[in-house]
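J.: Would you mind keeping the following structure in view while I ask a few things?
2 protein chains.
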Amino acid sequence: LARERSLASFTARQLTHLLDGGQEHTEHIESIRRLLDREAVFDRIHSYHLNHEDMYLRGLQMMERFRALCVKHQWSSKDTAVAYREIYEGMPTILNDDLFVKTIKEQATDEQQARWLPLATNWAILGCYAQTEMAHGSNVRGIETTATFLPESDELELNSPTLTSVKWWPGALGKTANVALVMAQLVLADGSRAGVFPFMVQIRSFADHKLLPGVETGDIGPKIGFNAIDNGYLSLKNVRIPRSNMLMRHVELTRDGQLKRRGQNDQRHVYGTLLYARVNIVADAMMALAQGTTIATRYSLVRRQFSHAESNSNAATEVVVLDHQSQQHRVLVPICEAYAFHFTGQRMHELYRRLTSPGLSADTAAALLAKAHASASALKPYVTDVASHSLETLRRACGGHGYSRFSGLPDLFTFYVQFNTVEGENHIMAQQAARALLKRY
Amino acid sequence: LARERSLASFTARQLTHLLDGGQEHTEHIESIRRLLDREAVFDRIHSYHLNHEDMYLRGLQMMERFRALCVKHQWSSKDTAVAYREIYEGMPTILNDDLFVKTIKEQATDEQQARWLPLATNWAILGCYAQTEMAHGSNVRGIETTATFLPESDELELNSPTLTSVKWWPGALGKTANVALVMAQLVLADGSRAGVFPFMVQIRSFADHKLLPGVETGDIGPKIGFNAIDNGYLSLKNVRIPRSNMLMRHVELTRDGQLKRRGQNDQRHVYGTLLYARVNIVADAMMALAQGTTIATRYSLVRRQFSHAESNSNAATEVVVLDHQSQQHRVLVPICEAYAFHFTGQRMHELYRRLTSPGLSADTAAALLAKAHASASALKPYVTDVASHSLETLRRACGGHGYSRFSGLPDLFTFYVQFNTVEGENHIMAQQAARALLKRY
C-alpha cells in the first residue's frame, strides 16, 4: 500500500481535504470519528453473528450511546449528521432525526414546530414517518388510510379501513416510535375527500411505551439488510386526535371544517421533502462506493494469484491481482464512479440550497424546481443502479473472501440496494425524467 | 392467476411434463416433494429468523430427517439428487454426497472405491473436498499444502507450512466432516515436487468427533448466504496417512517412491469433476430463475398500482402491475432466460454423457473434451452472471416487498451469487472461453 501511495503526485491527505471540503471539515469529521471509535457498540464486527431481532437490540444500544455522546459533547444537528454518516449503519432514531424532523419543519406551522421540534430533537418523543401501505407505495394518491373530521368534538378520527390500507414498511414504527406522522386521506364532514395530508398521531404511551387503544403495530420481520431498523406495520381503529395535530403550514382545516390553502401555491412545499431525500441519495452513493472500493483495492494489492510466466507458478512469484488488467477494470471503474458521484452530489446539494433560499421570485423558484426535479429524477435511479451493480462487482472481485460477511462487502450491498426502491422507485423516477425531457421539445 | 392461465394454448401440467422430461418424471419428483412437505424442518419460513450458527444447527436437523427418509424409502442416488434439488437450500451433507463421492469415483482406484464408497454413501463417514487455501483459489498449482512421502514407514505426512496455506472455504469442513479429501503438493523423498493430488485424510475421531492430533479446524463465519453450511478452515501439522490414502486411479505412487502414470494420458480424468460441476451450474441456473420468476409473476398479478386514467386513482381502479410495460420487461425477460437456460443445460448434460460414455476413440474423446470445456467455460460465467442480475431485477420488481426476506427473493439472490465465484471464477472462465475461440483461427 505504501509503495502504491508513494507513486501519486499528491498526498492522500490533500485528497481527503478536497473531498471533505477543506482541512477544517476533515478535522471536524475526525474528531467525531475518534469519539465513536472509543465506543465498542459501534464496532460492526459484532453484528455479523446477529439475527434481525438481535440486530435491533444492538440498534437500541447504539442509540443509547449515541444519545450520551450527543449530550456530553453538545452536538449540533450538523455534528449529529456527521456522526450518522460515520456510523453508516441503520439506527432506529435516524427516522426521527431526519425524516420526521424534516417533515415537521416543512409542513408544520410555526406554532406546531414550537410545540414538537424541541421534543423530537431531544428524543422526548421518538417519531416515524408512516406513508407506505401494504398495497400503496409509488402511487401516493392511492393511500386508503382515512382521517375524518368530526365537527362536534373538533377532532380527526383515523382509520385503516381495509387490510391493504395497513401501513407497511415505515422505519422505527414496529417497536421504537411513540408518535407517527401518518399520511392519510382527509375526509371532510360531508364525506368528501380532500387529499392526502400528514397527521401527528401518538401510538404508544409516553409512560410505559404500551400501545394506545385502537393502535395495532409490530415489526414486519427480517430483511435482506438494514436489520437494526424495526420497519413496521400500523393499523388504526377509531383513533382520535385534535384538529391541531394536522400539519397545517400550507393548508388550513378551519374550525367549521373548510380546507383552505395558505399563501401562494408554492410547489416547493409539496416536493421539498422528497426532493431533499433524493438529493441525499445521489450524494450518499459516494459513501457506499468509497467503502467498497477501499476494501476491494486493498484486497487486490495484498492478494496474489497466477504468475506472468505460467510455467513456474508459486506464491513467491505470483503477481498482485491488481496488476491483472481484468481486476483493474473491476476495481478502477467503481473508483471513478465514486469520485463522479461525489461531485455530482455536491452540485445537487448546491442546486437544492439555491432552490430553498429565501426571496426567490415565483418564476425563478418554479424554474429551479423543474430543473431540480428533473435532475433528481434522472440521477437518483442512475446513481443507485450503477452503485448497486458496482458493489456486487467489487464483492465478486474479492473472490471467495467477498462472500464472507467479514469482508464487509456483503453488508454494504444488502444495505445499499434499498435505495433502488425507496424515495421514488427507480423505474418510476426514470419515467419522470423522460417526461421532463420530452416536455422540452 | 386462474384467468391468466386460462389464456394459454396449453395446460400448465403439459408444460411441467415437458420440463421434467415426461409425466413419469414429474410424478417421481412430486412423490418425493410430498414426503419432504410432511417434514416441518424443511419449511424455509423458520430460517429467516436465524443467524449463521443457528442456521447450521437447522442444517443438522435437516440432515437427520433427510437420512431418515433416505433409509425408510430406500432412496436411490437419483432419488437423493431429486430431494436435494427440491430442498434447494444448503445442507452440509451435499458436500459428501456430491463432490466427495464424485471425486472418489473419478480419482480413486477400484480397490479404494470399494473401501470408501459404501462408507460415504451410508454416511458412516462424512467427507468434504478441501482444495481452496486462504491465498490460493483459481491458481490450483499455487497450492502450498504438502504431502511428503516417508519411505521408511510407507506413509505420507501432510503439513500446512504457512498461514497462507491454510485450507479456507471448503464446505462442511468447519464442523461436520470427519474426513477430508485434501488437495496437496506431493513431495517425493528427494524433496522434488510432483504436482497436486488428492489425499484422504481423517480429521476427526469416528468415536467422539474430536479433532485428531495435528489437525486444527473451525467455521470461517457468516456469509452473505449459504449459512446452513459450515465452510471451514484446516491447518495440518505432521498428520500422517498410509500411502494407500493417496487417490491413485490415474497415477501410482509406488512403494519405492516413484510416481507413475497409469494407462493413457486421458485428459478426461483431469478435467472430469470440474467439468461436471460447471455443467451442473449451467443446468441449475434454471432452478433459481424459475423460483424467482414464479414469485415475481404472482406478485405482479396481485399487486395493483396506478390507474391508466390518472385523474381518478384509487385501489378499485388501479391496474395489476404486470399490465405496465415496464413491469413486463422486468418479469418476462427472466422467464425467457429460465427456459433458455433449461434447454441449454439439457444440451450440456447430453454432451457430458457422450464425453463420459465408454468406448470412445482417443481422438473423439479429445475433440469432445475440447468442445465441452470451451462450452462450459463460456456458458458458466454467462449463465451465472445473467441469472444473478435477473434475480436482483426480480427482487426490485417486487418493490418494498422484495426487500423483505419473507418474499423469498433476498435469500434466492444471496444463495445464488456464489456461483459466479465457485468452480471456476467467472472472469477466468471467460478468458478460457476466449482462448478456445482464438485457437480456432
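As they're listed, the protein sequences go chains A and B. Each residue of the first sequence is one higher than the one before, starting from 1 at the first, in UniProt numbering. Each residue of the second sequence is one higher than the one before, starting from 1 at the first, in UniProt numbering. Quick reminder that beta carbons are idealized off the backbone N, C-alpha and C, glycines included.
Given that Arg304/A touches chain B, what residues does it touch there, using C-beta distances under 8 Å?
T.: Mapped onto the first sequence, residue 304/A falls at position 304. What Arg304/A touches in chain B: Ala135.
J.: So, under 8 Å CB-CB, Glu157/B and Thr148/B are touching, yes? Tell me the CB distance rounded to an integer number of Å.
T.: What you label residue 157/B is simply residue 157 of the second sequence in a count that begins at 1. What you label residue 148/B is simply residue 148 of the second sequence in a count that begins at 1. Going by Cβ atoms, the distance from Glu157/B to Thr148/B rounds to 5 Å, so yes, they are a contact pair.
J.: Tell me the rounded alpha-carbon separation between Ile125/B and Leu36/B.
T.: Sequence index remark: in the second sequence, residue 125/B carries index 125 (1-based). Sequence index remark: in the second sequence, residue 36/B carries index 36 (1-based). Their Cα atoms are separated by approximately 24 Å.
J.: Spell out whether any CB of chain B is found under 8 Å from the CB atom of His250/A.
T.: For the purposes of this step, residue 250/A is identified with residue 250 of the first sequence, where counting begins at 1. Under the Cβ criterion of 8 Å, His250/A is not counted among the residues facing chain B.
J.: Taking the DSSP output, what are the residues bridged to Tyr129/A?
T.: In the first sequence, counting from the first residue as 1, residue 129/A sits at position 129. Looking at the DSSP assignment, Tyr129/A forms a beta bridge with Leu181/A.
J.: Give the DSSP-derived three-state secondary structure of Trp116/B in the structure shown.
T.: The residue you call residue 116/B lines up with position 116 of the second sequence. It is helical.
J.: Pick helix, strand or coil for His17/B, following the three-state DSSP scheme.
T.: Along the second sequence, read from residue 1 onward, the residue named residue 17/B stands at position 17. Residue state for His17/B is assigned as helix, using DSSP reduced to three classes.
J.: For Ser31/B, report the span of its beta strand (DSSP E) as first-last.
T.: For the purposes of this step, residue 31/B is taken as residue 31 along the second sequence, with counting starting at 1. No beta strand (DSSP E) contains Ser31/B, which is instead part of the alpha helix (DSSP H) from Gln23 to Asp37.
J.: Applying the 10 Å Cβ sphere with the 16-neighbour rule, what's the burial state of Asn238/B?
T.: Reading the second sequence from its first residue, position 238 is the one you call residue 238/B. Here Asn238/B is exposed. Its C-beta has fewer than 16 other C-beta atoms within 10 Å.
J.: Residues of chain B with CB closer than 8 Å to the CB of Thr139/A, please, in chain order.
T.: Within the first sequence, residue 139/A is the residue found at index 139, counting from 1. As written in the sequence, residue 139/A is Asn, which differs from the Thr given in the question. Under the 8 Å cutoff, chain B gives Gln305, Phe306, Ser313 and Glu318.
J.: How far does the alpha helix (DSSP H) with Glu337/A in it extend, from its first residue to its last?
T.: Along the first sequence, one-based indexing puts residue 337/A at 337. Run containing Glu337/A: Gln325 to Leu355, per the alpha helix (DSSP H) assignment.
J.: By Cβ distance below 6 Å, which residues in the same chain neighbour His401/A in space, the five residues on each side in sequence not counted?
T.: By one-based count along the first sequence, residue 401/A stands at place 401. Closer than 6 Å at Cβ, skipping near neighbours: Ser407.
J.: Contact between the segment 54 to 64 of chain A and the segment 224 to 237 of chain B is defined here as three or more beta-carbon pairs at a separation below 8 Å; is this criterion met?
T.: no
J.: Using only alpha-carbon positions, find the residue among Lys72/A, Glu24/A and Met91/A that is nearest to Leu175/A.
T.: Against the first sequence, residue 175/A aligns to sequence position 175. Before going further, note that residue 175/A is Lys rather than Leu in the sequence given. Considering only alpha carbons, the answer is Met91/A.
J.: Beta-carbon within less than 6 Å of Ala285/A's beta-carbon, same chain only, minus the 5 sequence neighbours each way: which residues are those?
T.: Counting from one through the first sequence, the residue named residue 285/A turns up at place 285. Within the same chain, Phe341, Val383 and Ala387 come within 6 Å of Ala285/A by CB-CB distance, once the 5 residues on both sides are set aside.
J.: Pull up the DSSP beta-bridge partners for Asp219/A, would you.
T.: One-based indexing of the first sequence puts residue 219/A at position 219. Bridge partners of Asp219/A: Gly232/A.
J.: Can you confirm whether the segment 253 to 268 of chain A touches the segment 362 to 379 of chain A when touching is taken to mean that 3 or more C-beta pairs between the two stretches lie within less than 8 Å?
T.: yes
J.: Do the segment 355 to 365 of chain B and the segment 423 to 435 of chain B touch if we need at least three Cβ pairs shorter than 8 Å?
T.: no
J.: Quick one: what does DSSP say Gln74/A is sitting in, helix, strand or coil?
T.: Along the first sequence, one-based indexing puts residue 74/A at 74. Reduced to three states, the DSSP call for Gln74/A is coil.
J.: If you draw a straight line from the C-alpha of Ala290/A to the C-alpha of Thr93/A, how long is it?
T.: Sequence index remark: in the first sequence, residue 290/A carries index 290 (1-based). Sequence index remark: in the first sequence, residue 93/A carries index 93 (1-based). About 25 Å.
J.: In the DSSP assignment, find the beta strand (DSSP E) that holds Phe197/A and state where it starts and stops.
T.: Here residue 197/A is taken as the residue at index 197 of the first sequence, counted from 1. Element bounds for Phe197/A: Arg193 to Gln202.
J.: What do you reckon, is the C-beta of Asn238/B under 7 Å from a heavy atom of the ligand FAD?
T.: Here there are no bound small molecules, and the ligand FAD is not part of this structure.
J.: Contact criterion: CB-CB distance below 8 Å. Does Arg440/A meet it with respect to chain B?
T.: Walking along the first sequence from the start, residue 440/A turns up at place 440. Not one chain B Cβ lies under 8 Å of Arg440/A.
J.: Would you mind reading off the limits of the beta strand (DSSP E) that contains Asn159/A?
T.: Translated into the one-based positions of the first sequence, residue 159/A becomes position 159. Glu155 to Asn159 is the extent of the beta strand (DSSP E) around Asn159/A.
J.: Taking the C-alpha atoms as reference points, what is the distance between Ile32/A and Gln74/A?
T.: The sequence position of residue 32/A within the first sequence is 32, counting from 1. The sequence position of residue 74/A within the first sequence is 74, counting from 1. The straight-line gap from Cα to Cα measures roughly 12 Å.
J.: Taking the continuous beta strand (DSSP E) assigned at Ala147/B, which residues delimit it?
T.: The sequence position of residue 147/B within the second sequence is 147, counting from 1. That run of the beta strand (DSSP E) goes Thr146 to Leu150.
J.: For Leu368/B, name the three-state secondary structure that DSSP assigns.
T.: Translated into positions along the second sequence, residue 368/B becomes position 368. In this structure, Leu368/B counts as helix in the three-state DSSP scheme.
J.: If contact is defined by three or more beta carbon pairs under 8 Å, each pair taking one atom from either stretch, is the segment 243 to 261 of chain A in contact with the segment 70 to 86 of chain A?
T.: no
J.: Under a three-way DSSP split, which group does Glu252/B fall into?
T.: Counting from 1 along the second sequence, the entry for residue 252/B is found at position 252. Residue state, collapsed to three classes: strand.
J.: Counting only C-beta atoms, is Tyr48/B closer than 8 Å to chain A at any point?
T.: Position 48 of the second sequence, counted from the first residue, corresponds to residue 48/B. Output row for Tyr48/B: interface = yes.
J.: What distance in whole Å lies between the Cβ atoms of Ala135/A and Met183/A, which are believed to be in contact at a cut-off of 8 Å?
T.: As a position in the first sequence, residue 183/A is number 183, starting the count at 1. As a position in the first sequence, residue 135/A is number 135, starting the count at 1. So it is not a contact: roughly 14 Å between Cβ atoms.
J.: Which bits of chain B does Glu24/A rub up against, with CB to CB less than 9 Å?
T.: On the first sequence, position 24 is the one that residue 24/A refers to. Those do not exist, as Glu24/A stays about 38 Å from chain B at its closest Cβ, beyond 9 Å.
J.: What are the partner residues of Lys167/B, as DSSP defines its beta bridges?
T.: Here residue 167/B corresponds to residue number 167 of the second sequence, with the count starting at 1. DSSP lists Glu133/B and Leu234/B as partners of Lys167/B.
J.: Return the CA-CA distance between Arg262/A and Ala120/A, expressed in angstroms with no decimal places.
T.: Taking the first sequence and counting its residues from 1, one reaches residue 262/A at position 262. Taking the first sequence and counting its residues from 1, one reaches residue 120/A at position 120. Computed Cα separation, rounded: 25 Å.
J.: Keeping to the same chain, check which residues put their C-beta closer than 8 Å to that of Arg330/B; ignore five residues upstream and five downstream.
T.: The residue given as residue 330/B occupies position 330 in the second sequence. Taken in chain order, the residues that qualify are Ala296, Thr393, Leu394, Arg396 and Ala397.
J.: Considering only residues of the same chain and omitting the five flanking positions on each side of Ala288/A, which have a CB-CB separation below 7 Å?
T.: By one-based count along the first sequence, residue 288/A stands at place 288. Taken in chain order, the residues that qualify are Ala387, Leu391, Leu412 and Tyr416.
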